[in-house]
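This report concerns only the one structure given below.
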Amino acid sequence: MREEAEEGGWAGRRDTEGQTYELEQWDAGDFGNPFHPLGHAFMIVIIRSQHNNSSRSRCCLSAAPQTVMDSEYRIILNVGGVRHETYKHTLKKIPATRLSRLTTNLANYDPVLNEYFFDRHPGVFAQILNYYRTGKLHYPLDVCGPLFEEELKYWGLDSNECEPCCWMTLSGTRDTQDVLKTLDELDIEVDQTEGPELYKRFGWEDDYHNQSLSAWQKIKPRIWRLFDEPNSSRSAQFIAAISVFFLITAIIVFCLKTHPGLRIPELAPFGNFSRNHRSTSSRIHPAQINIDKSNSRPHPTFMYIETICNIWFTIEILARFASCPSRFDYLRAPVNIIDIVATLTFYIDLLSSMFGATADLEFFSIIRIMRLFKLTHHNSGLKILMHTFRASAKELMLLVFFLVLGVVVFASLVYYAERVESNEDNQFVSIPIGLWWAIVTMTTIGYGDITPHTYLGRLIGSICALAGVLTIALPVPVIVSNFAMFYSHTQARSKMPKKRRGVLSMDQVAQHVKHAPVRNSNGPTQRKNMEHTPLVSNNHTPPHTLI
1 MREEAEEGGW AGRRDTEGQT YELEQWDAGD FGNPFHPLGH AFMIVIIRSQ HNNSSRSRCC
61 LSAAPQTVMD SEYRIILNVG GVRHETYKHT LKKIPATRLS RLTTNLANYD PVLNEYFFDR
121 HPGVFAQILN YYRTGKLHYP LDVCGPLFEE ELKYWGLDSN ECEPCCWMTL SGTRDTQDVL
181 KTLDELDIEV DQTEGPELYK RFGWEDDYHN QSLSAWQKIK PRIWRLFDEP NSSRSAQFIA
241 AISVFFLITA IIVFCLKTHP GLRIPELAPF GNFSRNHRST SSRIHPAQIN IDKSNSRPHP
301 TFMYIETICN IWFTIEILAR FASCPSRFDY LRAPVNIIDI VATLTFYIDL LSSMFGATAD
361 LEFFSIIRIM RLFKLTHHNS GLKILMHTFR ASAKELMLLV FFLVLGVVVF ASLVYYAERV
421 ESNEDNQFVS IPIGLWWAIV TMTTIGYGDI TPHTYLGRLI GSICALAGVL TIALPVPVIV
481 SNFAMFYSHT QARSKMPKKR RGVLSMDQVA QHVKHAPVRN SNGPTQRKNM EHTPLVSNNH
541 TPPHTLI
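Just so you know, the UniProt record's numbering puts 368 at position 368 of the sequence shown, and the rest follows in order with no gaps.
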């Protein structure tokens, strides 16, 4: 065998029975990969065989004798009991992350097994490691979205770096989280608030565990549950039924007392009055006495019924205000504001009628009809419906914008269209009149009080009606979808178990282990002091950093 040394590599030649072996060597940098796992050198073996005047050649990749083993560039990650192997330079692709800062001085490193251990989700880590390899982050479909985002946060990665093909998955996950957060804010609780959770809402959790609650602290949450949680007990259901009964009765009375057949007309004399001086009785003889039917007052029975209803509303307001967890939150709630203002208007109206005041406050009494929103407190479906409109505010504002735009445009068009031709029956005397016609037409109501009579005006009216149908129909599916989403989540929550097992945090586990008793075989039970217990043997340096 003949060996020849060459610059930048080596070559060898061997002749054996007509076969020639040529070996050549190149540096790995020639391939543009200085981090190649085989080290800094490898060689190409070219075998040429010449036998019976025939020639064959083949090429193979072989490690050079001085090649550094690739095991020095590999790293083993044990995540949740599943071993993952990769190269160190792979973890350096995404800097400022947990995996890019791995060193042997960390507590996660096991020098015996030569691996790093992390007690995290192994299935999710496969996607994370693939992100380091390919530079593309994909959301797995078999893992809950919040769990995947929590794992990404632990490894120091941003969930917004996902690929466009996974944006819908990311968006759906975040929408679900927003819905659950909204349901928590709506306070649609299917389960009953009991024990520590009840006193936690009042800020008395420590007093409850220490059994140092005063008499008022024990009574206040119970009163609040009676008026705020209709399903908490039989008594709460009874009070809720009474509240709904008086609420419906007050609304019915408010409507019936405006009926002309249920009102009492006031008698008023009209005309000239003359005294008959010739009569010995000197009586007054009015020239004419009429009944002013336009000026009437409700039947007194309605006032008595309204008084009873408002007495109950007053008791309910005072009880809820005195027993609520936060009075500031109670006073800023829209339903409570409506209830308080409606009750105050009744008492003002009652006092004015008792003292003969002439001030007419019936217009302000219209707020009493707003008490219907109190029914949302007793029905979760109504509460979801109200919040559906709030969640669809953008779509509703877009609907209003297009309606206003269409109303102004078609009102102006029909005004000038009716003036182009001679039209004696022209009803569009101004653009404001056309605004009313455009609103009625675009909402497909069509009163018929104002109609175009020219051909051009009727054409504009037809286009206006079609535009109104399309404008109103566009945001309706979004509103329906929001309501279905909120309602389905509420129904799913109602089927959840009432009591769920609590999971301790790592700090609580550490405190529990720190004060746990240790049984000694040579003596009585002793309490283990974790502060003086060494974490590792004396042969190893104790770790100072845990990532």
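Quick reminder that beta carbons are idealized off the backbone N, C-alpha and C, glycines included.
Since we're looking at a predicted model, the values are computed, not measured.
Cutoff 7 Å; reference residue i; Cβ partners in own chain excluding five residues on either side
i: V440; result: G446, Y447
i: F373; result: V335, I338
i: F148; result: V124, Y139, P140
i: K136; result: E163
i: H378; result: P230, A240, V244
i: Q127; result: H138, P140
Cβ separation of residue i and residue j, assumed to be a contact under 8 Å, to the nearest whole Å
i: R263; j: R222; result: Not quite, the Cβ-Cβ distance comes to about 45 Å (not below 8 Å), so this is no contact.
i: T97; j: L157; result: 6 Å
i: A342; j: M370; result: 7 Å
i: H121; j: G172; result: The Cβ separation is near 20 Å, so there is no contact.
i: M442; j: V409; result: Between V409 and M442 the Cβ distance is about 10 Å, and since that is not below 8 Å, they are no contact.
i: F238; j: R368; result: That pair is no contact at about 25 Å.
i: L99; j: Y132; result: 7 Å
i: P452; j: E418; result: 6 Å
i: E395; j: I305; result: Their Cβ separation, rounded to whole angstroms, is 42 Å, which puts E395 and I305 out of contact at 8 Å.
C-alpha gap between residue i and residue j, whole angstroms
i: T314; j: R201; result: 25 Å
i: I94; j: T182; result: 36 Å
i: N310; j: A250; result: 8 Å
i: residue 549; j: I384; result: This structure does not reach residue 549, given that the chain is present from 1 up to 547, and the question cannot be answered.
i: N160; j: E85; result: 26 Å
i: W312; j: F246; result: 8 Å
i: L106; j: L129; result: 20 Å
i: A241; j: E316; result: 13 Å
i: A411; j: P140; result: 54 Å
i: E163; j: Q491; result: 33 Å
i: A393; j: G261; result: 43 Å
i: W437; j: R390; result: 29 Å
i: V404; j: Y208; result: 57 Å
i: D349; j: M303; result: 10 Å
i: Y109; j: V82; result: 15 Å
i: G145; j: Y199; result: 33 Å
i: S212; j: M386; result: 41 Å
i: K88; j: V143; result: 27 Å
i: I460; j: I366; result: 39 Å
i: H259; j: H489; result: 44 Å
i: E421; j: L413; result: 13 Å
i: S233; j: E150; result: 39 Å
i: M485; j: T301; result: 46 Å
Endpoints, alpha helix (DSSP H) assigned at residue i
i: I340; result: 334–354
i: E150; result: 145–154
i: E205; result: 205–210
i: P432; result: 431–442
i: I308; result: 300–323
i: H489; result: 476–494
i: T249; result: 234–256
i: D449; result: Here D449 belongs to no alpha helix (DSSP H), and DSSP marks it neither H nor E.
i: Q127; result: 122–134
i: residue 548; result: Given a span of 1 to 547 for the chain in the structure shown, any question on residue 548 remains unanswerable.
i: Y455; result: 455–473
i: D425; result: Counting along the chain, D425 falls outside any alpha helix (DSSP H), and DSSP gives it neither H nor E.
i: R327; result: 327–331
Sequence-distant residues of the same chain with beta carbon closer than 8 Å to residue i, five excluded per side
i: S430; result: Y415
i: E6; result: With a pLDDT of 39 at E6, under the threshold of 50, the predicted position of this residue should be treated as unreliable, though the coordinate-derived value follows. Excluding sequence neighbours, E6 sits near nothing in its chain.
i: Y330; result: R320, F321, C324, N336
i: Y487; result: G381, I384
i: L399; result: T471, I472, L474, P475
i: residue 603; result: In the structure as shown, the chain begins at 1 and stops at 547. Residue 603 is therefore absent and cannot be evaluated.
Element boundaries [beta strand (DSSP E), containing residue i]
i: H387; result: Premise fails: H387 lies in the alpha helix (DSSP H), 380–391, not in any beta strand (DSSP E).
i: Y116; result: 115–118
i: V79; result: 74–79
i: H84; result: 82–87
Own chain residues within Cβ distance below 6 Å of residue i, not counting five before or after
i: Q427; result: I450
i: T169; result: Y139
i: N52; result: Since pLDDT at N52 reaches only 45, below the 50 mark, its modelled position is unreliable, and the value read off the structure follows with that caveat. Result list for N52: empty, nothing under 6 Å.
i: F465; result: Just to set this straight, residue 465 is Ala in the shown sequence, not Phe. Result list for A465: T441, in chain order.
i: F346; result: N310
i: R101; result: none
Any non-hydrogen atom of the ligand SAM within 7 Å of residue i CB
i: C165; result: In the structure on display, the ligand SAM does not appear, and there are no ligands present to speak of.
C-beta neighbour in chain C for residue i, strict 8 Å
i: V112; result: Considering every chain present, this structure includes no chain C. It has just one protein chain.
If we count Cβ pairs, one from each stretch, closer than 8 Å, do we get three or more for the stretch 75–92 versus the stretch 111–120?
A contact exists between the stretch 75–92 and the stretch 111–120.
The stretch 224–238 in contact with the stretch 312–326 per 3-pair CB rule at 8 Å:
As far as the Cβ criterion goes, the stretch 224–238 touches the stretch 312–326, which means the pair count is three or higher.
Validate contact between the stretch 467–478 and the stretch 448–456 using beta carbons, cut 8 Å, 3 pairs
No: fewer than three Cβ pairs fall under 8 Å.
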